Amino acid sequence: MAFFFDLFVNGLMIGSMYALVALGFVLIYKATSVVNFAQGELVMFGGYIAAALVSLYHLPLAVALPVLLGTMVGLGFVLERGVLRPMVGQAVISVVMVTIGLAQVFQGAAAMLWGAQTKNIPLPIPLEPYVIWEIYVSPINLLAALISGAFLVAFAWFFRRSRMGIAMRAVANDQQAAMAVGINVRLVFALSWAIAGLTAAIGGVMWGSMLGVDTQLALIGLKVFPAVILGGLDSVPGAVVGGLIIGGVESVAAGYVDPYVGGGTKDFLPYVLMILALMIRPYGFFGREIIERV
Amino acid sequence: MINRECGVYQTTYEGDMALYPLPLARYSTLGVVAVLVLLPLALDSHAMSLVNLMLLASIGAIGLNILVGYTGQVSLGHGAFMMVGSYTAALVTLRLGAPFWVGLPAGGAMAALVGTFFGIPSLRIKGLYLAIATLAGQFIIEWSINHSTWISGGVQSTIFVPTPTFFGWEINSEYRRYSMVLPVAIVAYVAALNLVRSRVGRAFIAVRDRDVAAEIIGVDIFRYKLLAFAVSSFYAGMAGALWTYYLKIANYEHFTLATSVSYLAMIIIGGLGSVLGSVFGAVFITLLPIVLVYLVEGGAALLGFKYAAIADFLANLRLITFGGLIILFLAIEPEGLFRMWGNVKRYFRLWPYSY
């Protein structure tokens with residue numbers, strides 16, 4: 003049983019990091035109806051910038067973090083303005099392919115600017131795992147889970163209480179009505195990309211310090227799809243729940259099934275779950291039920 | 465003989481649907497076929513291998529265009545369907561000793577079966593949900609093939625295939641491989657052209673343009689969507705099987721998500737909903753890395769860099785150019801190279817008395 007809880011708790015902590023990346027994804031989809039296939043690449047880019055600032059330019063963490071956040075938020079704005087806005091109203095395939103194109107550009111650019119070899123983001127935390135009730139918890143997982151949790155709470159507050167957050171929800175609900183009551187829809191579009199950049203920056207630092215920064219980091223983006231489909235493509239709480247479920251399930255399944263099939267359950271089971279979800283309940287747990295059937 | 469019409473003057477449906485709208489089209493088609501047949505006389509072995517790769521890519525791209533461009537169902541799993549065809553061909557050859565002209569349709573048929581299965585979600589979902597479902601299909605197929613030793617046995621899921629023979633004639637040089645690939649490519653091209661102007665093709669287009677309206681005028685949407693998946697994956701399977709016989713190896717690394725993406729790029733850059741455009745796109749994407757290498761090596765030689773120093777740079781530049789071109793084409797010419805080709809033709813329609 004201890005083995006099960008060990009896997010489950012660590013899986014949940016990983017899941018909270020999926021949730022943070024998924025949040026950026028859902029935000030963009032909710033506000034602008036763009037499915038962002040480059041979310042994983044944004045995370046990778048954030049990780050690369052963090053690694054470059056800390057290891058290459060030897061900035062202290064306290065300086066590097068604000069620089070990183072500022073850069074990624076700016077990048078979000080630029081992407082929205084330069085690449086995605088001309089795509090408004092285009093066919094699904096075009097929008098999907100534009101973000102896939104962006105993903106390729108990021109992969110190439112990151113490796114070209116900072117090299118393809120794996121880099122570290124040294125964080126001032128201990129390496130020895132804590133043992134809590136026979137469960138091994140690595141400090142970096144714990145820290146990542148705490149930071150993710152804090153950001154998820156902060157975003158929940160932002161969307162419930164702040165003026166801008168409510169405006170974003172209004173735009174997501176009905177663009178024309180939001181325009182009619184005087185909400186600046188363009189600003190909301192830009193802002194949702196900026197926030198996605200922000201979550202990608204934090205995700206990049208955490209995933210990067212855990213796995214090391216190289217172009218493989220972008221694969222995180224592909225794990226986001228099962229999470230958001232399970233939770234509902236346009237639901238912020240859904241992103242959190244979906245991320246946690248995927249994290250927990252894949253960790254437990256990998257622990258029990260991997261020895262029999264020779265590894266790789268983590269790269270397989272989430273997608274089976276996703277196909278099932280798409281067949282049975284395509285709008286997920288919390289998504290709006292507006293999916294057309296033909 | 466060389467004149468073009470200067471407008472649309474068809475008065476019968478037969479005239480409108482004809483394969484050759486003008487005598488010119490018939491002669492130019494003959495000309496292209498003649499050039500393709502005589503090509504081996506003019507090219508060396510390296511150039512021949514490029515032509516072979518273009519033809520292989522064209523077959524896959526035409527298949528994907530039938531699904532995405534004509535029927536409007538976005539698929540990110542094309543690479544996986546090619547993988548199914550590739551491994552099927554390898555296994556049929558190794559276990560049953562079948563010749564390549566049996567392995568090709570076998571690979572196509574198996575891929576069509578698998579593709580139809582993964583097309584079933586299109587019954588309930590469409591648009592980007594379908595794109596995500598086919599993405600899952602890509603991973604599930606990749607994992608399944610990789611993890612069942614019965615299919616992919618051997619080291620690192622690699623199966624070596626003996627040199628294919630055609631009634632004792634060994635297909636062991638680029639020129640001979642060309643004579644294996646070219647007929648398949650021509651048949652695939654003509655079959656696609658005829659498919660899209662038939663009843664089935666018009667049903668596909670109706671489903672793409674407005675699914676509800678198509679249903680109302682009596683198109684069985686689910687049947688035609690599945691048919692599109694089947695036809696498209698059959699093409700993919702054929703292309704994958706040809707890859708196996710061409711490289712004499714079946715390896716899953718040739719058919720990853722990156723492959724699916726590059727086939728999507730081919731049809732976007734070539735032109736969605738155009739058979740000829742698929743070929744343009746396949747040629748473009750196949751040539752892109754090679755042209756880049758020439759350009760960069762030329763530049764590096766001018767500046768005095770060593771090749772080893774620019775190898776990484778080239779790989780990254782390839783990615784950036786590839787992604788950048790997708791974005792540029794979508795922003796500037798969403799109908800792709802086929803539209804550009806059409807623009808040139810339209811200009812010469814009234815030339816030199818255009819107004």
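Same order as they appear, the protein sequences are chains A and B.
Per this note's numbering, the very first residue in the first sequence carries number 3; after that it's consecutive.
Per this note's numbering, the very first residue in the second sequence carries number 465; after that it's consecutive.
Beta carbons: idealized from backbone N, C-alpha and C, even for Gly.
Note that this is a predicted model, so its numbers are computed, not measured.
1) Distance cutoff 9 angstroms, beta carbons only. Does aspartate 176(A) sit that close to anything in chain B?
2) Note down, in chain order, every chain A residue with its Cβ under 9 angstroms from the Cβ of proline 798(B).
3) Using C-beta distances below 7 angstroms, list every residue in its chain close to threonine 73(A), excluding the 5 sequence neighbours before and after it, in chain order.
4) Could you spell out the range, first to last residue, of the alpha helix (DSSP H) harbouring alanine 714(B)?
5) Buried or exposed, going by whether 16 or more other CB atoms sit within 10 Å of the CB of histidine 542(B)?
6) Give the straight-line distance between the Cα atoms of tyrosine 473(B) and serine 738(B), rounded to the nearest whole angstrom.
7) Under 7 angstroms between beta-carbons, which chain B residues line up against methionine 46(A)? List them in chain order, please.
8) Can you list, in chain order, the residues of the segment 279-292 of chain A whose Cβ is nearer than 7 angstroms to any Cβ on chain B?
9) Mind checking which residues open and close the beta strand (DSSP E) that includes phenylalanine 624(B)?
10) Give the secondary structure of lysine 689(B) by DSSP, where H, G and I count as helix, E and B as strand, and everything else as coil.
11) How close, in whole Å, do the beta carbons of asparagine 715(B) and serine 621(B) come, if the pair is a contact with beta carbons under 8 angstroms?
12) Comparing alpha-carbon positions, which option in Met15(A), Ala4(A), Arg290(A) lies nearest alanine 152(A)?
13) Let me know if serine 724(B) comes out buried or exposed under the rule of 16 or more other beta-carbons within 10 Å of its beta-carbon.
14) Beta carbons nearer than 7 angstroms to chain A: which residues of the segment 586-599 of chain B have them?
15) Quick check on alanine 111(A) - is its C-beta less than 9 angstroms from some C-beta in chain B?
16) What residue ranges within the segment 624-695 of chain B form continuous alpha helix (DSSP H) runs of no fewer than 4 residues, ordered along the chain?
17) Look at the alpha carbon of phenylalanine 464(B) and the alpha carbon of valine 676(B), and state the distance between them as a whole number of angstroms.
18) For lysine 809(B), name the three-state secondary structure that DSSP assigns.
19) Between the segment 785-795 of chain B and the segment 730-748 of chain B, do three or more beta carbon pairs fall short of 8 angstroms?
20) 9 angstroms is my cut-off, CB to CB: does tyrosine 273(A) come that close to chain B?
21) Would you tell me roughly how many angstroms separate the C-alpha atoms of tyrosine 699(B) and leucine 520(B), rounded to the nearest one?
22) For aspartate 776(B), return the contacting residues in chain A, with the cut-off set at a CB-CB distance below 7 angstroms.
23) Whose Cβ in chain A lies nearer than 8 angstroms to the Cβ of isoleucine 791(B)?
24) So, is the C-beta of aspartate 269(A) closer than 9 angstroms to a C-beta in chain B?
25) Methionine 465(B): buried (16+ other C-beta within 10 angstroms of its C-beta) or exposed?
26) When the distance is taken between beta carbons, is glycine 249(A) closer than 9 angstroms to tyrosine 233(A)?
27) Can you tell me the Cα-Cα spacing of phenylalanine 777(B) and threonine 217(A), whole angstroms?
28) Taking Cβ-Cβ distances below 8 angstroms as the criterion, which residues of the segment 722-738 of chain B are in contact with chain A?
29) Do asparagine 529(B) and serine 697(B) have their C-beta atoms closer together than 9 angstroms?
30) Is DSSP giving tyrosine 758(B) helix, strand or coil here?
31) May I have the straight-line CA-CA distance separating valine 242(A) from alanine 489(B), to the nearest angstrom?
For this structure:
1) Answer no: the Cβ-Cβ gap between aspartate 176(A) and chain B never drops below 9 angstroms.
2) Within chain A, the residues near proline 798(B) are Gln92, Ala93, Ser96.
3) For threonine 73(A), where only same-chain residues beyond five positions count, the Cβ hits under 7 angstroms are Ile51.
4) In the DSSP assignment, alanine 714(B) falls outside any alpha helix (DSSP H) and lies within the beta strand (DSSP E) extending over 713-715.
5) The residue is buried, with at least 16 neighbouring Cβ atoms inside 10 Å.
6) Whole-angstrom Cα-Cα distance: 22 angstroms.
7) From the beta-carbon of methionine 46(A), no residue of chain B is found nearer than 7 angstroms; the closest lies around 13 angstroms away.
8) Residues passing the 7 angstroms Cβ filter: Leu280, Met281, Pro284.
9) Its beta strand (DSSP E) spans residues 622-624.
10) DSSP places lysine 689(B) in helix when its eight states are reduced to three.
11) Indeed, because the Cβ distance is near 7 angstroms, the residues count as touching under 8 angstroms.
12) Nearest to alanine 152(A) by alpha-carbon distance, out of Met15(A), Ala4(A), Arg290(A), is Met15(A).
13) Classification of serine 724(B): buried, given that the 10 Å Cβ count is 16 or more.
14) Residues passing the 7 angstroms Cβ filter: Arg588, Ile589, Lys590, Gly591, Leu592, Tyr593, Ala595, Ile596, Ala597, Leu599.
15) By this cut-off, alanine 111(A) is an interface position.
16) List check, alpha helix (DSSP H) in window: 638-660, 663-673, 675-680.
17) Since the first residue shown for chain B is 465 and the last is 819, residue 464(B) is missing from the structure and cannot be characterised.
18) Collapsing the DSSP output to three states places lysine 809(B) in a helix.
19) When C-beta atoms of the segment 785-795 of chain B are compared with those of the segment 730-748 of chain B, three or more pairs fall below 8 angstroms, so the two segments count as touching.
20) Closer than 9 angstroms: yes.
21) Those two C-alpha atoms are separated by around 10 angstroms.
22) Those within 7 angstroms of aspartate 776(B) in chain A are Ala118.
23) Chain A residues near isoleucine 791(B): Val85, Val100, Gly103, Leu104, Val107.
24) With 9 angstroms as the cut-off, aspartate 269(A) counts as an interface residue toward chain B.
25) Its pLDDT being 42, under 50, methionine 465(B) is placed unreliably by the model, and nothing is read from it.
26) Reading off the sequence, residue 233(A) comes out as glycine, not tyrosine. One thing to note: glycine 233(A) has its Cβ no nearer than 9 angstroms to the Cβ of glycine 249(A).
27) Their backbone Cα atoms lie some 14 angstroms apart in a straight line.
28) Within the segment 722-738 of chain B, the qualifying residues are Val725, Leu728, Ala729, Ile732, Leu736.
29) Taking 9 angstroms as the Cβ cut-off, asparagine 529(B) and serine 697(B) do not qualify as a contacting pair.
30) Collapsing the DSSP output to three states places tyrosine 758(B) in a helix.
31) So the alpha carbons of these two residues sit roughly 59 angstroms apart.
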